[in-house]
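S.K.: Residues in the sequence shown are numbered from 44 upward in steps of one, following the numbering used here. Positions of the beta carbon are idealized from the N, C-alpha and C atoms, including for glycine. Have a look at this one before I ask anything.
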Amino acid sequence: MSDKIEVSPLAEKIFQDIIDHGGKVYIVGGTVRDFVLSQINHQPLISKDMDLEIYHLSYDQLKTILSKYGKVNTYGKSFAILSLHTLPGYDFALPRKETKIGHKHQDFDVIIDSELPLEKAVERRDVTMNALMYDYQNHEIIDLVGGINDIQQHCIKMVNKDTFREDPLRVLRIANFVARFEMNVDEETKQYCQEMTQQGMLKDLSQERIYEEYKKILLSNHPSLGFEFLKDINALPSYLKDLVNCYQRPDYHSEGDVFNHTMLVLDLAATCKQYSHYPEAFMWSALLHDIGKPMVTNSKGQALQHELAGLDVFKQVTILTNKKMREYIKAMIHYHMYLMVLSRGNSKDMKYLKFLKKIDNIKDGGHFCLDDLMLMTMCDYFGRGNNDPIQYEQFLNYMNDKITRLGNRAWQPIITGQDLIENGFKNHQRYRDLLDQAYHMQLQHMSKEKIIELLKRDERKHGEL
44 MSDKIEVSPL AEKIFQDIID HGGKVYIVGG TVRDFVLSQI NHQPLISKDM
94 DLEIYHLSYD QLKTILSKYG KVNTYGKSFA ILSLHTLPGY DFALPRKETK
144 IGHKHQDFDV IIDSELPLEK AVERRDVTMN ALMYDYQNHE IIDLVGGIND
194 IQQHCIKMVN KDTFREDPLR VLRIANFVAR FEMNVDEETK QYCQEMTQQG
244 MLKDLSQERI YEEYKKILLS NHPSLGFEFL KDINALPSYL KDLVNCYQRP
294 DYHSEGDVFN HTMLVLDLAA TCKQYSHYPE AFMWSALLHD IGKPMVTNSK
344 GQALQHELAG LDVFKQVTIL TNKKMREYIK AMIHYHMYLM VLSRGNSKDM
394 KYLKFLKKID NIKDGGHFCL DDLMLMTMCD YFGRGNNDPI QYEQFLNYMN
444 DKITRLGNRA WQPIITGQDL IENGFKNHQR YRDLLDQAYH MQLQHMSKEK
494 IIELLKRDER KHGEL
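So, in structure tokens, the structure goes:
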């Protein structure tokens, strides 16, 4: 395995040009962290983006050099970040000192200093494993704050208490690091995150930034670790906090409260999300499928119609703004128990086929389907402390039988509005009801001719034909 970080041929050319003009190129941030992790785990480095810090050059000098290789995109002199459209994923930044002057994300006083000592430069990094720097020219990792040792010890530790609090999003970033890298949080860092939460500092974060961190947690291999951390520091949103200590019947849920159950379901969903048609929405559904239980749970631990209550609670989840995703999640909350109910009652073909039609009408862009619902049903079933293998076998047998004989998609209607017109049905206001009746008869395996005949007979009785 290579002992140096590989870059693209164009990047090599640009880096050498910077060096020839007296600049110093450092690769910083996540790329270096991931490189160290790849060395420890004996795995290839997979990194889409690369952050660079360029020393000993001014903003204008750096821009002039980059301009030789394509169009330069800049993020303003205040932040001194540049990128090339010919080199996607590479961001060039100049060393800078930042001082917080307000509550918002961009409320910083920024001073560019191309000669800033490395010791000062790393102080603005969030955690030690992200404060590593890679000297490109000498192929050497510079570790000024013990980041490599913390990676080896699976420990997440803040670099500097004073600079850490300047961006409250770092509390959520730690949660996503916990989930993605399956690491523990240094006790002092954890305590400090809790203090920042108690002081209400997370309230100033935008919905967009919170969503991005939650997304990273949910798409990790072990998302429960991130949400367990947020629970420990009391940083969960209300719709998740309410799941903690929400009682469940121990004969059905020996794993404990609804939050414990949700975390089990979440980790199971993470193992199979790649088989779903909409992985991110699938993971959000696993997190939110039982959010209605606190509203309806009684003293016996029963949560009747919690799926309907969940639709009301879902309105509080304002960080999700994508309409297709919201439709998908709403459907999953509403129907996450429905297939198991069908199998327990050994429901007839008609009920199954009507359900296929119902979910086929969901306006989520076509992502929500029976396959995803089956995956969620299985995650929900196994995400509890005690399971009945006979009941699960019954569920599989029921679904396999129905899918084999009847399919997993709603049948296409054989009677359309055009058919009604051609057969003389004049009351257009009745068309919706007539088409519903026609579809119902189709599910009873009636032919097109028979359906038209019966519809005409019914309309004559009511004087509509």
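Mind checking whether Arg427 and Leu261 have CB atoms under 9 Å apart?
M.R.: It is not a contact, given that the beta carbons lie outside the stated cut-off.
S.K.: If you draw a straight line from the C-alpha of Ile464 to the C-alpha of Met484, how long is it?
M.R.: Roughly 19 Å between the two C-alpha positions.
S.K.: So who's on the other strand from Met93, going by DSSP bridges?
M.R.: DSSP, once it has assigned bridges, lists Tyr133 as partnering Met93.
S.K.: Per DSSP, what kind of secondary structure is Ser328 in: helix, strand or coil?
M.R.: Reduced to three states, the DSSP call for Ser328 is helix.
S.K.: Could you tell me the alpha carbon to alpha carbon distance between His304 and Gly189, rounded to whole angstroms?
M.R.: Taking the straight line joining both Cα atoms gives about 37 Å.
S.K.: Would you tell me roughly how many angstroms separate the C-alpha atoms of Tyr257 and Lys343, rounded to the nearest one?
M.R.: Their backbone Cα atoms lie some 33 Å apart in a straight line.
S.K.: Quick check: the region 197 to 210 against the region 222 to 232, are there 3 or more CB pairs under 8 Å?
M.R.: Verdict: yes, contact present.
S.K.: Start and end of the alpha helix (DSSP H) containing Thr171?
M.R.: Segment: none, Thr171 is in no alpha helix (DSSP H) and carries neither H nor E.
S.K.: For the beta strand (DSSP E) that contains Glu67, what are its first and last residues?
M.R.: Per the sequence shown, residue 67 should be read as Lys rather than Glu. Here the beta strand (DSSP E) through Lys67 covers 67 to 71.
S.K.: Suppose you measure from the CA of Leu109 to the CA of Leu382; what does that come to, to the nearest Å?
M.R.: Distance between the alpha carbons of Leu109 and Leu382: 58 Å.
S.K.: Does Arg139 come out as helix, strand or coil in the three-state DSSP assignment?
M.R.: Strand at Arg139.
S.K.: For Leu286, name the three-state secondary structure that DSSP assigns.
M.R.: Coil at Leu286, not helix or strand.
S.K.: Bridge partners for Leu127 per DSSP, in chain order?
M.R.: Its beta-bridge partners are Val115.
S.K.: Among Gln241, Met419, Lys401, which has the Cα closest to the Cα of Trp327?
M.R.: The candidate whose alpha carbon is nearest that of Trp327 is Met419.
S.K.: Could you tell me the distance, in whole angstroms, from the CA atom of Val68 to the CA atom of Phe425?
M.R.: Using only the alpha carbons, I get a separation of about 51 Å.
S.K.: Is the beta carbon of Gln437 closer than 9 Å to that of Ser490?
M.R.: It is not a contact, given that the beta carbons lie outside the stated cut-off.
S.K.: Assuming contact is defined by CB atoms lying nearer than 9 Å, are Asn451 and Asp414 in contact in what I supplied?
M.R.: Result yes, Cβ atoms of Asn451 and Asp414 sit closer than 9 Å.
S.K.: Alpha carbon to alpha carbon, how far is Lys114 from Phe135?
M.R.: Spanning the two alpha carbons is a distance of roughly 14 Å.
S.K.: Pairing CB atoms from the region 286 to 302 with CB atoms from the region 389 to 398, are three or more of them under 8 Å?
M.R.: Taking 8 Å as the limit for Cβ pairs, the verdict is that the region 389 to 398 does not touch the region 286 to 302.
S.K.: Can you tell me whether Ile276 is buried or exposed? The criterion is at least 16 other CB atoms within 10 Å of its CB, across all chains shown.
M.R.: Its Cβ being crowded by 16 or more others within 10 Å, Ile276 is buried.
S.K.: Can you name the start and end residues of the alpha helix (DSSP H) that Ile464 belongs to?
M.R.: Where Ile464 is concerned, the enclosing alpha helix (DSSP H) stretches over 460 to 465.
S.K.: Would Cys412 pass as a contact of Ala312 if the rule is Cβ separation under 9 Å?
M.R.: Cβ distance not < 9 Å, so Cys412 and Ala312 don't count as in contact.
S.K.: Let me confirm a value: Glu238 is counted as buried when at least 16 other C-beta atoms fall within 10 Å, else exposed. Which label applies?
M.R.: Per the 10 Å Cβ criterion, exposed.
S.K.: Over the uninterrupted beta strand (DSSP E) stretch that includes Glu225, give me the two end residues.
M.R.: Where Glu225 is concerned, there is no enclosing beta strand (DSSP E), given that its DSSP letter is neither H nor E.
S.K.: So, do the region 221 to 230 and the region 269 to 286 have three or more beta carbon pairs nearer to each other than 8 Å?
M.R.: Result yes; three or more Cβ-Cβ pairs closer than 8 Å.
S.K.: According to DSSP, Tyr254 sits in a beta bridge with which residue or residues?
M.R.: Tyr254 pairs with nothing; no bridge assigned.
S.K.: Just how far apart, CA to CA, sit Gln332 and Leu347?
M.R.: Just to set this straight, residue 332 is His in the shown sequence, not Gln. Approximately 14 Å between the Cα atoms of the pair.
S.K.: Alpha carbon to alpha carbon, what distance is there between Asp92 and Met368?
M.R.: The alpha-carbon atoms of Met368 and Asp92 are separated by roughly 26 Å.
S.K.: Could you tell me which uninterrupted alpha helix (DSSP H) segments, each at least 4 residues in length, are contained entirely in the region 419 to 492, listed from first to last along the chain?
M.R.: Fully enclosed alpha helix (DSSP H) runs of 4 or longer: 432 to 449, 460 to 465, 474 to 486.
S.K.: Thinking Glu370 and Lys406 are a contact (beta carbons under 8 Å), I'd like their distance in whole angstroms, please.
M.R.: Contact holds; Cβ gap of about 6 Å.
S.K.: For the region 340 to 424, list the alpha helix (DSSP H) runs that are entirely contained and at least 4 residues long, ordered along the chain.
M.R.: Those alpha helix (DSSP H) runs which fall completely within the region 340 to 424 and span 4+ residues are 349 to 356, 366 to 378, 381 to 387, 392 to 403.
S.K.: For Tyr118, which residues of its own chain have a beta-carbon under 6 Å away from its beta-carbon, when the five flanking residues on both sides are left out?
M.R.: Excluding residues within five positions, the ones whose Cβ falls inside 6 Å are Ile124.
S.K.: Between Gln345, Val165, Gly335, which lies nearest to Phe357 when the distance is taken from Cα to Cα?
M.R.: Selected option, being the one with the closest Cα: Gly335.
S.K.: Does the Cβ of Pro293 have 16 or more other Cβ atoms within 10 Å, making it buried, or fewer, making it exposed?
M.R.: Exposed, by the Cβ-count rule.
S.K.: To the nearest angstrom, how far is it from the Cα of Val228 to the Cα of Val170?
M.R.: Cα to Cα, the separation comes out at about 10 Å.
S.K.: Which residue wins for smallest C-alpha separation from His320, given the options Ile217, Leu248, Leu416?
M.R.: His320 has its Cα closest to that of Leu416, out of Ile217, Leu248, Leu416.
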